[in-house]
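These notes are about the structure you will find just below.
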Amino acid sequence: MSVEMIAILASWGIATLRSATPLIFATLGETLVQRVGIINLGTEGEMLLGACVGFAVGVATGNPWLGLMAGALAGAVLSLLHAGLVLGAGANQIGSGLAVWMIALGATSYFGRALVGQQVTPLPSLGSDWSDGIPLVGTILSQMTMAAPMALAAVVFAAWWLNQTRPGLHWKAVGESALIAAENGIRPIRVRVTAIMVGGLLAGLGGAILSVDYTQTWAQEMTKGRGLVAVGLVIVARWKPALVLPVCLLFGLTEVATLRLQSAGFELSPHLLGTAPYLVVLLVLVGSHVVARRASAMPADLKAVFQ
Amino acid sequence: MSPRILGAASPFILTIFVFLFLAVALFIGLGQPPFQTLAVLVQFAVGDSYSLSQTMAKTTPILLCALAAAVPGRLGLISVGAEGQLHAGAIAGTALVLLAPVWPAPVLIPLMLIFAAIGGAIYGYIPGLLRARLDVNETIVTLLMNYVTVLLVAALVFGPWRDPASQGWPATMQFPPNAVLPALPGSRIHLGLLLGLVAALALHIYFNHSRWADKVRILAGNRKVGETFGLSFGFWVMVLMSVGGALAGLAGISEVSAIQGRLQQSISLGYGLTGFLVSWLSRHQPLIILPVSLCVGGLVAGSDALQMFAKVPAASAVILQGLLFAAALAVPGLLARWRKAQ
Amino acid sequence: MPESLVQFAGVTRRFGDLIAVNNASLDIRAGEVLAILGENGAGKSTLMKMLYGLYPASEGQILLDGAPAKISGPADAMRNGIGMVFQHFSLLPALSVRDNLLLSWPKTPFWKSHRNARTDDVLTSLAELAPQIDPERIVSSLSVGEQQLVELCKVLNINARLVILDEPTSVLTPAEATRLHGFIKQLAGRGVAVALITHKLADVEACADRIVVMRRGSVVDIAERGARSMAETVALMMGQSVDRTLRPPPAFGRTVPRLVLENVSAQRPDMSLQGISLSIAAGEIVGVAGVAGNGQALLAEAVAGVEPLTAGDILLDGVSIARHTPFEAVSTPLGYIPEQPRDNGVVATMSLARNLALRDLAQGKRATGRHANLLERFNVNPPDPAKLAGTLSGGNVQKLVIARELGIQRDAILACYPTMGLDLAAIEMVYAAMFAQAASGAAVLWISEDLDDLLAGSHRIAVMREGRLVALLDNDGTLSREAVGALMTGMTETEAAA
Numbered sequence: 001m002s003v004e005m006i007a008i009l010a011s012w013g014i015a016t017l018r019s020a021t022p023l024i025f026a027t028l029g030e031t032l033v034q035r036v037g038i039i040n041l042g043t044e045g046e047m048l049l050g051a052c053v054g055f056a057v058g059v060a061t062g063n064p065w066l067g068l069m070a071g072a073l074a075g076a077v078l079s080l081l082h083a084g085l086v087l088g089a090g091a092n093q094i095g096s097g098l099a100v101w102m103i104a105l106g107a108t109s110y111f112g113r114a115l116v117g118q119q120v121t122p123l124p125s126l127g128s129d130w131s132d133g134i135p136l137v138g139t140i141l142s143q144m145t146m147a148a149p150m151a152l153a154a155v156v157f158a159a160w161w162l163n164q165t166r167p168g169l170h171w172k173a174v175g176e177s178a179l180i181a182a183e184n185g186i187r188p189i190r191v192r193v194t195a196i197m198v199g200g201l202l203a204g205l206g207g208a209i210l211s212v213d214y215t216q217t218w219a220q221e222m223t224k225g226r227g228l229v230a231v232g233l234v235i236v237a238r239w240k241p242a243l244v245l246p247v248c249l250l251f252g253l254t255e256v257a258t259l260r261l262q263s264a265g266f267e268l269s270p271h272l273l274g275t276a277p278y279l280v281v282l283l284v285l286v287g288s289h290v291v292a293r294r295a296s297a298m299p300a301d302l303k304a305v306f307q
Numbered sequence: 001m002s003p004r005i006l007g008a009a010s011p012f013i014l015t016i017f018v019f020l021f022l023a024v025a026l027f028i029g030l031g032q033p034p035f036q037t038l039a040v041l042v043q044f045a046v047g048d049s050y051s052l053s054q055t056m057a058k059t060t061p062i063l064l065c066a067l068a069a070a071v072p073g074r075l076g077l078i079s080v081g082a083e084g085q086l087h088a089g090a091i092a093g094t095a096l097v098l099l100a101p102v103w104p105a106p107v108l109i110p111l112m113l114i115f116a117a118i119g120g121a122i123y124g125y126i127p128g129l130l131r132a133r134l135d136v137n138e139t140i141v142t143l144l145m146n147y148v149t150v151l152l153v154a155a156l157v158f159g160p161w162r163d164p165a166s167q168g169w170p171a172t173m174q175f176p177p178n179a180v181l182p183a184l185p186g187s188r189i190h191l192g193l194l195l196g197l198v199a200a201l202a203l204h205i206y207f208n209h210s211r212w213a214d215k216v217r218i219l220a221g222n223r224k225v226g227e228t229f230g231l232s233f234g235f236w237v238m239v240l241m242s243v244g245g246a247l248a249g250l251a252g253i254s255e256v257s258a259i260q261g262r263l264q265q266s267i268s269l270g271y272g273l274t275g276f277l278v279s280w281l282s283r284h285q286p287l288i289i290l291p292v293s294l295c296v297g298g299l300v301a302g303s304d305a306l307q308m309f310a311k312v313p314a315a316s317a318v319i320l321q322g323l324l325f326a327a328a329l330a331v332p333g334l335l336a337r338w339r340k341a342q
Numbered sequence: 001m002p003e004s005l006v007q008f009a010g011v012t013r014r015f016g017d018l019i020a021v022n023n024a025s026l027d028i029r030a031g032e033v034l035a036i037l038g039e040n041g042a043g044k045s046t047l048m049k050m051l052y053g054l055y056p057a058s059e060g061q062i063l064l065d066g067a068p069a070k071i072s073g074p075a076d077a078m079r080n081g082i083g084m085v086f087q088h089f090s091l092l093p094a095l096s097v098r099d100n101l102l103l104s105w106p107k108t109p110f111w112k113s114h115r116n117a118r119t120d121d122v123l124t125s126l127a128e129l130a131p132q133i134d135p136e137r138i139v140s141s142l143s144v145g146e147q148q149l150v151e152l153c154k155v156l157n158i159n160a161r162l163v164i165l166d167e168p169t170s171v172l173t174p175a176e177a178t179r180l181h182g183f184i185k186q187l188a189g190r191g192v193a194v195a196l197i198t199h200k201l202a203d204v205e206a207c208a209d210r211i212v213v214m215r216r217g218s219v220v221d222i223a224e225r226g227a228r229s230m231a232e233t234v235a236l237m238m239g240q241s242v243d244r245t246l247r248p249p250p251a252f253g254r255t256v257p258r259l260v261l262e263n264v265s266a267q268r269p270d271m272s273l274q275g276i277s278l279s280i281a282a283g284e285i286v287g288v289a290g291v292a293g294n295g296q297a298l299l300a301e302a303v304a305g306v307e308p309l310t311a312g313d314i315l316l317d318g319v320s321i322a323r324h325t326p327f328e329a330v331s332t333p334l335g336y337i338p339e340q341p342r343d344n345g346v347v348a349t350m351s352l353a354r355n356l357a358l359r360d361l362a363q364g365k366r367a368t369g370r371h372a373n374l375l376e377r378f379n380v381n382p383p384d385p386a387k388l389a390g391t392l393s394g395g396n397v398q399k400l401v402i403a404r405e406l407g408i409q410r411d412a413i414l415a416c417y418p419t420m421g422l423d424l425a426a427i428e429m430v431y432a433a434m435f436a437q438a439a440s441g442a443a444v445l446w447i448s449e450d451l452d453d454l455l456a457g458s459h460r461i462a463v464m465r466e467g468r469l470v471a472l473l474d475n476d477g478t479l480s481r482e483a484v485g486a487l488m489t490g491m492t493e494t495e496a497a498a
């Protein structure tokens, strides 16, 4: 394989990873939430709020790390509304998620107007004088920030948490049956609130990475359904944290491909190309249902939500 | 409020109170004088004939989109696809007008409506088919499909359908008068509202008083029992999703034809999601959807005007809708819990 | 007299207007097997669940070691050395045996990987009690008997001083039940108190030291083993002396096949039916015996036209009544009593009258009032046609479904566990109605867990195992429950006895 080929592949790979990073966080968060038997469509709203608050704090402080932290925190706080409605008031989970989304949509368009056109200090690149000397590795590192490695680490950690630790076992048990978990001495409400907040935290972080690191701008409704895509991809990933990575990279690859086709002067409407990521997600969603006719990997308590 | 009144209050009344409380809190949070802003909002919604006409204009798509969510909702489906179906209907109806702009109104307008309804119905049928045959969750599919038709409209008005005479503005040509839905003179109250009213009444009769009403009710109450007695869940999923889509499609073409006068981006101010909210608040009951969509239509129209005259961004209307939704979700459960504790 | 471990002092529990347990007083002592005997709904489970912390007592007090028990949930109960094995197991079918054991083990370390030596101890009781079970197996792949052993291991793992068993033998074959009885005596021998909730006299005879009899929420008798005759005990339990023998249905003379299953095959993710063929004549009653979870539920839904067949056909008087593709809808002409009728037999959001008329409504016909007298005939309480089906108790939902399905003469009947959750009078009524249908020419396919009833009431017995029909026996009076039980588990009779 020629050197140019490798360079092109590496550049596509990095672009895909960067594009997928916000989605990896959101999908991972939603996976954990669904593993305890809750569906949260508010992920879209939590991402959006995370993007808005993260960008605002990043702009105000000049520190992108503070922005990411603030975004994550905002997502976690907003997720408490979902937890309160669903667990406190026994509201329908789908309805509650949509309410959370609506509130975040309105709030970010309201307060986000001031952020349009602002500049944010981006995360530093991983490249250094030392690494620049190494061919390929140097280029790769200089195109990357800490966001993508963090996402990979989060996936590994979540998989370890669910499969190897006692609290992770409790989470899985609650998702399979809150009733039986309670009979075994676990407090399901506490587990579910925690998981919803972790999900909100990850979605908010994903949103903040989207605005602070990936696009480095703020625009109204800038998540464009990524949070909803995350909910769909959880099903494709069969509720397994480890599978979150490949399915999100597929989405990232589609997005990168459409962007590069456009800049390569490909004669197709950018709007038409823009439908590709959604169509790809819908296709893999349908495909995963064809492959596994009944969703047997679904946590049993979730089945009640889906009827 | 004394506990006795609280105990007797219906969840509905209490929801309104909680919502008003949240709205006041919101306006205080936004730095607006709360009661004054609310009063202005009401005035802009129903204060004079112009405001009323604006409210009716906003009510029309909300009503149709609410019915679009309510029809599958009767079977227990959660379809949030009205936004995408609305755009699909707008595309299909506009396609006919662009193909045959010179046809006389008595032919063109009914055909345009039928095209739009079919466009929306197909867009509702797809998630229905996926749910019926493969058990793919209809909520997620409809939500994702929404983004596709919105982008399709953009692709069309930036591309093949752009009117050269519009000087770069991405829109189709102005609809000729024979393709514009008839309206009450001097107002924005058009045929779409009548369609919505008729649809609501027809659905009410169908779902409550017809001989077939119980088929859907049995399946919604217990799918397995319905299937034991020969009812096909999949068939009804596809039928109801398509009918819902058709209604949202009508909302799309009536916005294009009667309000905007041409197909362009942002023909919908999030009517799909708002309609879903209205349907949910009304428990998918067509006769309750009528007044509720009027109220929410007034809220949207009022905050539109608020943006123009009081410089309060229209996004506050979306927050208010979200709060209304949250209040409606929280109150019945909390009330039941409170009563149980008594 | 030995020390009391647990004492109930005038304990009452209400659910709304219903008094589930009424002023119950009794004690449980270390090292004894205390049988708590009573019919369905007598309050046995509720009483023990209060001790386990699932419901607080409305009135009265529960004493543990002589002091008021502070048990606000199962976690507290386990901490106090009280373990409970539920009638429906508290195992998570999607998780492995090991994970299920770790779940309730108080000593589970944070890092619960099998590479962590500190998790090894969780498997010791499994190795002792059921060495044949691989701890990495997923629980849903275990037989019901094996699942119960895992459940017992969970309780042993918490070093329980008191083990509560809720109807443990209702899901077991006779051989498995015998093994369990032995194990219970062994536990008591080690000084553990065992509270055995049951409605089966066989359990009491096999291992009880003392017998508490409950009826309608009240403790009506507490006696040492051998102090009462079985007839006396039954009389106390039923509140009257009842003859429990089933009147066998009249012999059928006709041999015209009426309901015919030809190579019926169906598929679900966790179960498949493989080529079941069976021909039932007019007036014949065929009982289906099998351990729960061996394909009976799938067979019932396939015959009722709910589950599509992958192969084969089902004929009623020569006409196919099966569902062949998932996309066609078949209205079953059978009188069909599904299992768990609350989930599978009624529309909870519709009135009793409409639930009786479901067949008409589903075909787009108006409901008529002609069904109303069925509510009284089948003792549905309350017999108010306007009441919503969801407000009825479990037993009354069952009677509602039976009223709809057996209230008019049918060509064929498919009954799954038709007497489950019913009191004795209702059981008699159900069997009478079912046998009357057979006497008038209906072909009856009757799925039951109760071998004694099947042996008493059916002409032939079909035995199911792992989705297949493994035997079809003429019930000519020579069949023994042990022989049928052996076929259910796939053991030979001598193996089963060992």
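Protein chains in written order, with full-length UniProt numbering: chain A, 1 to 307; chain B, 1 to 342; chain C, 1 to 498. Yeah, the Cβ is synthetic: ideal placement off N, Cα and C, and Gly gets one too. Quantities reported herein were computed from a predicted structural model and do not represent experimental measurements.
Opening and closing residue of the alpha helix (DSSP H) in which residue i lies
i, result
"Arg179 (chain C)", "Pro174 to Gly189"
"Leu277 (chain B)", "Tyr271 to Leu281"
"Tyr50 (chain B)", "Ser49 to Gly73"
"Leu298 (chain C)", "Gln296 to Val303"
"Asn23 (chain C)", "Careful: Asn23 (chain C) lies outside any alpha helix (DSSP H), inside the beta strand (DSSP E) at Leu18 to Arg29."
Where the beta strand (DSSP E) containing residue i begins and where it ends
i, result
"Pro257 (chain C)", "Pro257 to Arg268"
"Val120 (chain C)", "Per the sequence shown, the amino acid found at residue 120 (chain C) is Asp instead of Val. Taken as a continuous stretch (DSSP letters only), Asp120 (chain C) belongs to no beta strand (DSSP E), as it is neither H nor E."
"Gln265 (chain B)", "Gln265 (chain B) -> no beta strand (DSSP E), and no H or E assigned at all."
"Thr12 (chain C)", "Ser4 to Phe15"
Contact belief for residue i with residue j at Cβ below 8 Å, rounded distance in angstroms
i, j, result
"Leu103 (chain C)", "Leu129 (chain C)", "Going by Cβ atoms, the distance from Leu103 (chain C) to Leu129 (chain C) rounds to 18 Å, so no, they are not a contact pair."
"Thr31 (chain A)", "Trp239 (chain A)", "6 Å"
"Pro127 (chain B)", "Thr142 (chain B)", "5 Å"
Short CB-CB distance (under 8 Å) between residue i and chain A
i, result
"Leu455 (chain C)", "no"
"Phe325 (chain B)", "yes"
"Phe86 (chain C)", "yes"
Outcome for residue i when other beta-carbon atoms lying within 10 angstroms are tallied against a minimum of 16
i, result
"Phe309 (chain B)", "exposed"
"Phe233 (chain B)", "buried"
"Ile13 (chain B)", "exposed"
"Val153 (chain B)", "buried"
"Ile118 (chain B)", "buried"
Closer than 8 Å to chain B by CB, residue i
i, result
"Thr119 (chain C)", "no"
"Val120 (chain A)", "no"
"Tyr336 (chain C)", "yes"
"Val3 (chain A)", "no"
8 Å Cβ cutoff, residue i in contact with chain C
i, result
"Trp212 (chain B)", "yes"
"residue 430 (chain B)", "Residue 430 (chain B) is absent from the model: chain B starts at 1 and stops at 342."
Complete beta strand (DSSP E) runs within the segment 316 to 376 of chain C (minimum length 3 residues, chain order): Runs of the beta strand (DSSP E) inside the segment 316 to 376 of chain C: 335 to 337.
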